[in-house]
Ligand code: ITT
């Protein structure tokens, strides 16, 4: 049976499809079902992921997976966090969000630019599922002062992966999935789905 992927973010969809294809989980992006976008009114990644998964399950009648994720910057007390997709305003592009973050950190020295990506994945068997599977992943790094690299999406060009001395937009897709917040959360979800 198919599972609906409750995301309109093409970058996320690519990464999740790539990892789940390996374990033969059949995923269909919600775009294929004409599902209206859920309002992300929660105050946590978990709440927002549940809202999105429930919306997709309700409109499709199928099980659903949602991803709520974002970037926490220590020098900004954890911002943009759950607001990462709309940091530069409603409907802002990835480029505008990234430019705003660079501007906000203009005077922050390298040693104080620590940050992390967070990802929460929620799996609902159906819209009313009272026991969602919830999996999380965290990826530690820091914010560069200039964008580097062209792969990935979102804040990848300014996220430095310290162990590799590369931005996450300089990693090939398999390397990013092996290390990333989303890759970690997905491997945990796979384990739970097959348990
Ligand atoms: P959906 O809700 O439709 O899935 P969205 O882009 O609105 O798409 P979020 O509300 O979860 O999703 O926002 C997450 C934002 O965090 C996203 O827009 C990116 O800018 C950023 N982000 C998350 N994971 C990332 C990654 O792996 N690389 C770069 N940026 C990432």
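Numbering (full-length UniProt numbering), first residue to last: 8 to 202. Built from N, CA and C at the ideal position, the CB exists for glycine as well.
Measuring straight from C-alpha to C-alpha, what distance separates residue i and residue j?
i           : j           : result
residue 161 : residue 31  : 27 Å
residue 83  : residue 53  : 21 Å
residue 195 : residue 23  : 13 Å
residue 171 : residue 119 : 19 Å
residue 15  : residue 63  : 11 Å
residue 163 : residue 106 : 12 Å
residue 94  : residue 17  : 18 Å
residue 151 : residue 176 : 12 Å
residue 90  : residue 51  : 10 Å
residue 198 : residue 114 : 43 Å
residue 182 : residue 154 : 19 Å
residue 136 : residue 34  : 19 Å
residue 125 : residue 98  : 21 Å
residue 39  : residue 13  : 11 Å
residue 178 : residue 61  : 33 Å
residue 140 : residue 133 : 12 Å
residue 138 : residue 65  : 16 Å
residue 185 : residue 108 : 26 Å
residue 25  : residue 173 : 22 Å
residue 116 : residue 110 : 13 Å
residue 88  : residue 180 : 23 Å
residue 187 : residue 156 : 16 Å
residue 92  : residue 29  : 28 Å
Indicate the three-state DSSP secondary structure (helix, strand or coil) for residue i in the structure shown.
i           : result
residue 73  : strand
residue 28  : helix
residue 115 : coil
residue 175 : helix
residue 164 : helix
residue 145 : strand
residue 79  : strand
residue 128 : strand
Contact defined as beta carbons within less than 8 Å: I believe residue i pairs with residue j. What is the distance between those atoms, to the nearest angstrom?
i           : j           : result
residue 168 : residue 148 : 5 Å
residue 86  : residue 80  : 6 Å
residue 193 : residue 69  : Rounded, the Cβ-Cβ distance is 19 Å, inconsistent with contact.
Among the options, whose alpha-carbon lies nearest the alpha-carbon of residue i?
i           : options            : result
residue 145 : 47, 189, 45, 92    : 189
residue 56  : 164, 77, 159, 156  : 77
residue 201 : 117, 107, 185, 130 : 130
residue 123 : 165, 182, 107      : 165
residue 59  : 11, 88, 26         : 11
residue 48  : 36, 66, 75         : 75
residue 9   : 158, 71, 143       : 71
residue 142 : 186, 191, 110, 156 : 191
residue 67  : 96, 37, 92, 174    : 37
Could you check whether the stretch 98 to 109 touches the stretch 37 to 51, counting it as contact only if at least three pairs of C-beta atoms, one from each stretch, sit closer than 8 Å? no
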